[in-house]
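To keep things clear, I will list the structure first and then write my remarks on it.
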Amino acid sequence: MRTLTNGIMQQNLQQVLGTVVAASSNLTSEAEHYRINNLLARNWGFNFYLAPRLIEYAKWLESSDERSNFTYPLKNLHHLKGWLAVVTGSKISDADRVVHEIFDDDWLVSELVQASLKHGCPLDANGFRAHRAALYGRRIGWYGIVRLKKPRLVIETGVDRGLGSAILCRALMRNSDEGFIGEYLGTDINPRAGHLLSESLAQFGRIAYGDSIDTLKAVESTIDIFINDSDHSAQYEADEYDVITDKLSDRSIVLGDNSHATDKLFQFAVRCGKQFLHFAEQPEGHWYPGAGIGAAF
Ligand SMILES: C[S@@+](CC[C@H](N)C(=O)[O-])C[C@H]1O[C@@H](n2cnc3c(N)ncnc32)[C@H](O)[C@@H]1O
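The sequence shown runs 558 to 854 under this note's numbering.
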């Protein structure tokens, strides 16, 4: 590892040690001896839990160029499949099937690669294929919900590059091949957002540009699946849930990308008499503790 990374890691550790105030000891030497032995015995937690995280952090510092929206494969994909089955009321074998369906989808990969090329930020198709599980992340759960519930209207607030849009429209495309027609509406305040939504996929939905709350106020159809992923402040999240409450269909599922950080979706579920279940990501080989998907259903 380079000297610079070593130096930063040393600074990090010194910062941690600086917060541990050494207590002056007036113990007898026997008690002091016991205390030291006990301390050494209890230190197993460092090797077992903390050192792997610190090593992952140092490696990431050295080799990654990501600053936020980290990508990583999931250690606990089986938890996601179990969560999907419970939230949609499906058989676990069906949840397993739709998760593998998106992993095996080479057509989707080529759409994403083409769309990104057109936008001037080329994606390497083989690299994308190899890392798609990491790049799709928890959106795999969004895909599964749409495939299993066959919604008529799916809304995602905050589309960014449009990876969620593309995945959700792909799910609607497959639903339509099976005779279930549905549409997607994405919202984003950034007029340049959504470049990954290719022409073929955009047949299943569109992006409305502007403030998400304004767009949601204008929605007239009933919403089956709602995904909150725009402004991540707790107040804005709560405001989005308030605006859509009376627009939800009886079989609606509301997903939150902020549920690892706030209790707003849980509070919404309590108010609406819905169930609540959070899927918590366990990133593989990454120091980030993971986000998740909250579901009110
Ligand atoms: C975390 S990103 C969305 C990621 C996306 N859902 C995906 O699957 O990749 C958040 C997005 O919300 C948008 N945003 C922030 N505040 C907003 C607002 N008030 N109304 C609409 N979009 C907003 C940002 O421009 C950004 O693109």
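We treat Cβ as the ideally placed atom computed from N, Cα and C, and that holds for glycine. Computed from a predicted structure; not experimentally measured.
query = Can you name, in chain order, every residue of its own chain whose Cβ lies under 6 Å from the Cβ of D781, other than the five neighbours on each side?
reply = P708, R709, L710, S806, S809
query = Just the Cα atoms here: how many angstroms apart are R727 and W844?
reply = 31 Å
inquiry  = Taking 6 Å as the cut-off, is the beta-carbon of T744 closer than that to any non-hydrogen atom of ligand 1?
reply    = Under cutoff, so the answer is yes.
inquiry  = Relative to the C-alpha of T819, which candidate in N785, H688, G842, E841 has its C-alpha closest?
reply    = N785
request  = Please confirm if the segment 632-641 is in contact with the segment 712-731, defined as three or more CB-CB distances below 8 Å between the two stretches.
outcome  = Result no; under three Cβ-Cβ pairs closer than 8 Å.
ask   = Quick one: is the Cβ of G721 within less than 6 Å of any heavy atom of ligand 1?
value = yes
request  = Would you mind giving the Cβ-Cβ distance between T560 and A615, rounded to the nearest angstrom? I have them listed as a contact below 8 Å.
outcome  = At roughly 12 Å, the Cβ-Cβ gap does not stay under 8 Å, so T560 and A615 are not in contact.
key: Buried or exposed (CB count within 10 angstroms, at least 16 for buried), D745   = buried
query = Is it true that the CB of T628 sits closer than 7 Å to the CB of L680?
reply = It is not a contact, given that the beta carbons lie outside the stated cut-off.
query = Between W617 and N604, what straight-line distance do the alpha-carbon atoms span, to the nearest angstrom?
reply = Near 19 Å, if we compare the C-alpha coordinates of N604 and W617.
request  = Could you tell me if R624 is buried or exposed, where buried requires 16 or more neighbouring beta carbons within 10 angstroms of its beta carbon?
outcome  = By the neighbour-count rule (16 or more Cβ atoms within 10 Å), R624 is not buried but exposed.
request  = Just confirm the distance between the C-beta atoms of A652 and G701, as a whole number of angstroms; I'd bet it's less than 8 Å.
outcome  = 6 Å
request  = Would you kindly work out how many angstroms separate the C-alpha atoms of S733 and E658, rounded to a whole number?
outcome  = 15 Å
inquiry  = I want to check one thing, is the minimum distance from the CB of A795 to the heavy atoms of ligand 1 below 6 Å?
reply    = no
message = Using CA atoms only, rank isn't needed, just tell me which of V655, L822, K675 is closest to Y798.
response = Of V655, L822, K675, the residue nearest in Cα terms is L822.
request  = Let me know if F660 comes out buried or exposed under the rule of 16 or more other beta-carbons within 10 Å of its beta-carbon.
outcome  = exposed
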